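Data first, discussion second: the structure below is written as structure tokens.
There are 2 protein chains.
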Amino acid sequence: MKSSSVIRVGLNAAILAVTEETPRVLTVQHDPSGLPALPFGPLDPLQDRTLELGLRGWVRGQTALELGYVEQLYTFGDSNRDPYANVDGRVISVAYLALVREAPPARGSVSWRDVYAFLPWEDFREGVPAVLEKELMPELKRWARGDKTRKERLQIAFGSVQTRPDPERVLERYEMLWEAGLVQGREMALDHRRILGTALGRLRGKIRYRPVVFELMPDTFTLLLLQRAVEALAGVRLHKQNFRRLLDTGRFVEGTGETFMETGGRPAELFRFRRDVLRERPRTGVAYSRT
Amino acid sequence: MKSSSVIRVGLNAAILAVTEETPRVLTVQHDPSGLPALPFGPLDPLQDRTLELGLRGWVRGQTALELGYVEQLYTFGDSNRDPYANVDGRVISVAYLALVREAPPARGSVSWRDVYAFLPWEDFREGVPAVLEKELMPELKRWARGDKTRKERLQIAFGSVQTRPDPERVLERYEMLWEAGLVQGREMALDHRRILGTALGRLRGKIRYRPVVFELMPDTFTLLLLQRAVEALAGVRLHKQNFRRLLDTGRFVEGTGETFMETGGRPAELFRFRRDVLRERPRTGVAYSRT
DNA sequence: TTCTGTTATACTCGTATTGAACATAATCAG
DNA sequence: CTGATTATGTTCAATACGAGTATAACAGAA
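Sequence lines, in order, name chains A and B. In terms of our numbering, the first sequence is numbered consecutively and its last residue is 1033. In terms of our numbering, the second sequence is numbered consecutively and its last residue is 1033.
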């Protein structure tokens, strides 16, 4: 058997959290390149009875973290994207999205990093990101000039003056930038930025129709903290009053009666997630609307 | 190297079409069990540069079908669900959803079958399916009795009197029935019904926010034909006038001026899909509402 | 104490979207 | 010509949504 016909299966996890209004991803640094990487481990075909159990296992080992919410994202297997493809056999990576409540202190080579450091064109909270407006868009337009298909793809992925970019099309934007040779921001080992992009896009979408934000929140929280978490992930600012009305009419949260004084102004009530919404209205999420 | 530590990667496709108001899945029959199976092929690590290309390749070979819309679904790798797991090494299946326009005549062991023959509890078009109401629900209630977690899962997956079941939670329902030993309907080889369930659930969801139904329609079609296709997939009846208004305000279709006389009553206008909606409003689908 | 900044929370209002009718128009079979 | 059948047009109330205004409760400075 030629070594290049061997298939190995790797499991990757984009483990996300939100702290201090910043979406963060857990990275490790055991690659010879020195670049941050997503936690990564091989599937042990003898030990791991399911893919997810395998993932949970070595995430525990590598990062001392117990995963809560876990969801399969995508399976990557392009041989032309994989630098090991012709050296050491084919690698298939099954990527997962995991959400954790709080960022425990990093240890050793494990650390939390701002997601937008890797994908700087995705954060619209302070308006259109400078990199995007000044550098990327002009180049992208040049790249698409005279090519009808590219023009259409560009408009769908990045929007136009009338249609703001769809927050969920993170992967499409990344792939397009990659194709055009324009990817900016901090690098990641292998093709891990692509996985991160997939994770962010999926999470942005999921928030809207399933109450997953609460997986990222502490047990009790103020409504502003919750709003900031959604904003951090969605990459856009939300309208405060309408956001609260949404939570109210959707019966997502219930007040605890306690108040939290450290917000700077009037004390805020602390709320907790009402788990019952899952039963009451199974297909609902924080379908936020901008500004 | 022990043979049981070898990993093989298989590619599966749930190829769906809608004909005569019935959602159909393409099945093959080359399994020794004689049971219908989804088209299945191994990944050739040397030949197939991407997973999707590999898939398209042997689907062409096995079924003489050229796939249009293809989307990755899920990667399955449970060793306890895989009868070959301890015999012949581990098998990981990467499953895809594919949509095709029309059902070409079956050849040899390839045939189109009603999706609901395999998942009979999923079709609510004529009200609550008899199997579900008479047989499955009582058994499921028994299965959940006294177990709070099971009760909650049951309500989320199958709904209750007030909350109708969420059409998209096909996989959750299948898994629950499997766990309770209650799976009914026609069998499929290996764990292929699980893949089919995943495909149906994904498609039901996707229809609502991306204009994918049109991948299943002929070039021109009447609005009722389109509605029947959505109903067939969603497994529920829709409100005719509202459905049409939705298409109208969403500018999904444009009239061709021609009419189609064979509908039994007043002739219907033929419409075609307006590809421009993709550019105009990138995140939109036929967000149907029931009855 | 009073003023100012800051955040929380309550209420309003016009518009768009939705669920659900009612009403009319073409065809066909008898 | 009648009734059955499907297509298509219109209306209406209820609700959701986007955006704004007003008031409340705290901290710290003047």
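Each residue gets a CB set at the ideal place from its N, CA and C atoms; glycine is no exception. Bear in mind the structure is a predicted one, so any value in this text is a computation, not a measurement.
Hey, would you say residue i sits closer than 7 Å to residue j, going by beta carbons?
i	j	result
B/G764	B/D865	Reading off the sequence shown, one finds Thr at residue 764 of chain B, where the question assumed Gly. Contact: no.
A/L839	A/L815	yes
A/L958	A/V912	no
A/V1028	A/V955	yes
A/A756	A/V842	no
B/V767	B/G831	no
B/L980	B/Y1030	yes
A/P871	A/A976	no
B/V751	B/P781	no
B/G803	B/L785	no
A/T998	A/R1014	yes
B/E1000	B/L1012	yes
A/T817	B/T940	no
B/R791	A/S821	yes
Let's see if you can read the secondary structure: which residues bound the beta strand (DSSP E) around residue i?
i	result
A/F994	Neither: A/F994 is in no beta strand (DSSP E) and is coded neither H nor E.
B/A837	R832 to L841
A/Q897	Per DSSP, A/Q897 belongs to no beta strand (DSSP E); it is in the alpha helix (DSSP H), K890 to F900.
B/E813	Y811 to F818
With respect to the alpha helix (DSSP H) encompassing residue i, which residues constitute its N-terminal and C-terminal limits?
i	result
B/F860	V857 to F860
A/F1013	Looking at the DSSP string, A/F1013 is not in any alpha helix (DSSP H); the run it does join, the beta strand (DSSP E), is A1010 to F1015.
A/Q969	L965 to A976
B/V912	V912 to E921
B/Y951	H934 to Y951
B/Q804	L793 to T805
B/V1019	V1019 to E1022
A/M1077	Look at the range of chain A in this structure, 743 to 1033, and you will see that residue 1077 of chain A is not part of it.
B/A886	M879 to A886
Nearest to residue i by alpha carbon, out of the options?
i	options	result
B/A806	B/K948, B/T1001 and B/S853	B/S853
A/E929	A/G803, A/E921 and A/L861	A/L861
B/V770	B/E762, B/V760, B/G783 and B/T761	B/G783
A/E886	A/E921, A/T905 and A/L980	A small fix is needed here, since residue 886 of chain A is Ala in this sequence, not Glu. If we check each option's Cα against that of A/A886, A/E921 comes out closest.
B/L989	B/G1006, B/R952 and B/R1008	B/R952
A/L753	A/V833, A/G888, A/F1002 and A/A931	A/V833
B/A779	B/A971, B/R944, B/A931 and B/R1021	B/A931
A/V812	A/G799, A/E762 and A/D820	A/G799
A/R906	B/R1021, B/P787, B/D790 and B/L785	B/R1021
B/Q969	B/R867, B/S821 and B/V751	B/R867
A/H772	A/E875, A/G850 and A/G810	A/G850
A/L788	B/L938, B/L788, B/G819 and B/E808	B/G819
A/A974	A/A859, A/K876 and A/V903	A/A859
A/L809	A/P1009, A/G776, A/G927 and A/E844	A/E844
A/V873	A/D889, A/R892 and A/L919	A/L919
B/K876	B/A837, B/T891 and B/L924	B/L924
A/L777	A/D933, A/A1010 and A/E914	A/D933
B/I937	B/S775, B/A837 and B/P774	B/A837
A/R1023	B/E762, B/S775, B/R1016 and B/Q904	B/Q904
B/E762	B/G869, B/D889 and B/V972	B/V972
A/R1016	A/S835, A/K893 and A/D961	A/D961
A/G927	A/A1010, A/P1009, A/G888 and A/W863	A/W863
A/V978	A/S835, A/G869 and A/E914	A/G869
For the ligand HEM, is there a heavy atom less than 6 Å away from the beta-carbon of residue i?
i	result
B/S821	You won't find the ligand HEM in this model; it holds no ligand whatsoever.
Contact between the region 949-968 of chain A and the region 985-996 of chain A is defined here as three or more beta-carbon pairs at a separation below 8 Å; is this criterion met?
The region 949-968 of chain A makes contact with the region 985-996 of chain A, as at least three CB pairs between them are under 8 Å.
Could you tell me which whole beta strand (DSSP E) segments of length 3 or greater appear in the region 748-785 of chain B?
749-761, 764-769 and 782-784
Using 8 Å as the Cβ pair cut-off and three pairs as the minimum, do the region 888-904 of chain A and the region 944-957 of chain A touch?
Counting C-beta pairs with one atom in each stretch, the region 888-904 of chain A and the region 944-957 of chain A have fewer than three that are closer than 8 Å, which means they do not touch.
Three or more C-beta pairs below 8 Å linking the region 994-1014 of chain A and the region 871-891 of chain A
Verdict: no, contact absent.
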